[in-house]
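For reference, the structure discussed in these notes is given below.
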Amino acid sequence: MIPNRHHHPLVHFEHIYHNDVICLVCNTPCKEDSFRCVPCNYNIHPQCIPLPSIVDYDDHIHPLTLTPSFIAKDGHYYCDICETSRDPDHGVYLCKECSFVAHFLCALGNDNQFMFEASSSQNLEDGSNISQGEIKGREDNSDSVKSNMFGQLRREIEKLEKVVEGIIHNKRHGIQLTEKLKELDERRANTERILRQVKQNFSDY
Numbered sequence: 011m012i013p014n015r016h017h018h019p020l021v022h023f024e025h026i027y028h029n030d031v032i033c034l035v036c037n038t039p040c041k042e043d044s045f046r047c048v049p050c051n052y053n054i055h056p057q058c059i060p061l062p063s064i065v066d067y068d069d070h071i072h073p074l075t076l077t078p079s080f081i082a083k084d085g086h087y088y089c090d091i092c093e094t095s096r097d098p099d100h101g102v103y104l105c106k107e108c109s110f111v112a113h114f115l116c117a118l119g120n121d122n123q124f125m126f127e128a129s130s131s132q133n134l135e136d137g138s139n140i141s142q143g144e145i146k147g148r149e150d151n152s153d154s155v156k157s158n159m160f161g162q163l164r165r166e167i168e169k170l171e172k173v174v175e176g177i178i179h180n181k182r183h184g185i186q187l188t189e190k191l192k193e194l195d196e197r198r199a200n201t202e203r204i205l206r207q208v209k210q211n212f213s214d215y
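Written out as structure tokens, the structure is:
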């Protein structure tokens, strides 16, 4: 997938076993079910993708801007909407005019329908981590990624073979080849993209 915030395709990771892989939106670890562009170190939770960059909160005069973290000068860290504590290292909606700060969910309100489940909301607010018993090691994740990439590559090669067979068939029967050649070029480009991703993932691990 390619979100609006990034121009490279992102690879989905079911599990990530590194504490230093941080979501660029909420600034909490990407431990599971996350999207990554490994070469750019671009990491994001699926529930963070639809978050708007700017929101208007009814009870505040200024717009609020999505901010990965905010450390207040007075050292007091709380949400100005729900008045409960917040982590200064986690993402918030911030008023750049008067330093009004709010949790994501508080600023969005009940009328906004985004991809937030109860467990996802908890992870965003408290940065809860996977237990040590769930961590199986970096090698498992690496093997899974490589297997998925080679599976994609194998399927693309099979599609290329079918396109070539179609071109040979059409040529024998004198049929127009323009569309088939166009399809072949598209498949070739897609295969090259997957090969680049395979190379990038191997170099990363």
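Our numbering puts the sequence shown at residues 11 to 215. Even for Gly, the Cβ is constructed at its ideal location relative to N, Cα and C.
Applying the 10 Å Cβ sphere with the 16-neighbour rule, what's the burial state of I26? To locate residue 26, count along the sequence shown from 1; it is residue 16. The residue is buried, with at least 16 neighbouring Cβ atoms inside 10 Å.
Inter-residue CB distance, F110 and L61 (contact presumed, cutoff 8 Å): Mapped onto the sequence shown, residue 110 falls at position 100. Mapped onto the sequence shown, residue 61 falls at position 51. At roughly 17 Å, the Cβ-Cβ gap does not stay under 8 Å, so F110 and L61 are not in contact.
Here's the rule I'm using: 16 or more other beta-carbon atoms within 10 Å means buried, otherwise exposed. How should D195 be labelled? Reading the sequence shown from its first residue, position 185 is the one you call residue 195. Its Cβ having fewer than 16 others within 10 Å, D195 is exposed.
Which residue comes first and which comes last in the alpha helix (DSSP H) that contains F114? As a position in the sequence shown, residue 114 is number 104, starting the count at 1. Note, F114: alpha helix (DSSP H), F114 to L118.
Using DSSP with H/G/I as helix, E/B as strand and the rest coil, what is T201? To locate residue 201, count along the sequence shown from 1; it is residue 191. Note: T201 maps to helix in three-state DSSP.
Return the Cβ separation of A112 and L74 in integer angstroms, given the expectation that the two are a contact with Cβ distance under 8 Å. Reading the sequence shown from its first residue, position 102 is the one you call residue 112. Reading the sequence shown from its first residue, position 64 is the one you call residue 74. Going by Cβ atoms, the distance from A112 to L74 rounds to 6 Å, so yes, they are a contact pair.
Per the contact definition of three or more C-beta pairs closer than 8 Å, is the segment 23 to 39 in contact with the segment 93 to 106? yes
Where do the N-terminal and C-terminal ends of the beta strand (DSSP E) with F23 fall, by residue? Translated into positions along the sequence shown, residue 23 becomes position 13. From DSSP, the beta strand (DSSP E) with F23 extends over V21 to H25.
Residue of C108, N51 and Q57 minimising C-alpha distance to D43: Residue mapping note: residue 43 aligns to position 33 of the sequence shown, counting from 1. With distances taken between Cα atoms, D43 lies closest to Q57.
When you compare only the Cα positions, how much space is there between E273 and E193? Since the displayed the chain opens at 11 and closes at 215, residue 273 lies outside it and no answer follows.
Checking 8 Å against the spacing of the C-beta atoms, do H55 and C33 come in under that value? The residue given as residue 55 occupies position 45 in the sequence shown. The residue given as residue 33 occupies position 23 in the sequence shown. Closer than 8 Å, so yes.
In the DSSP assignment, what residue or residues form a beta bridge with Y52? Stepping through the sequence shown from its first residue, residue 52 is reached at position 42. Bridge partners of Y52: C47.
First and last residue of the uninterrupted beta strand (DSSP E) at L34: In the sequence shown, the residue the question calls residue 34 occupies position 24. Taken as a continuous stretch (DSSP letters only), L34 belongs to no beta strand (DSSP E), as it is neither H nor E.
Which residue comes first and which comes last in the beta strand (DSSP E) that contains L74? Within the sequence shown, numbered from 1, the residue matching residue 74 stands at position 64. Segment L74 to T77, the beta strand (DSSP E) holding L74.
For H86 and E93, I'd like the C-alpha separation in whole angstroms. As a first step, residue 86 is located in the sequence shown; it is residue number 76 there, counting from the start. As a first step, residue 93 is located in the sequence shown; it is residue number 83 there, counting from the start. Cα to Cα, the separation comes out at about 11 Å.
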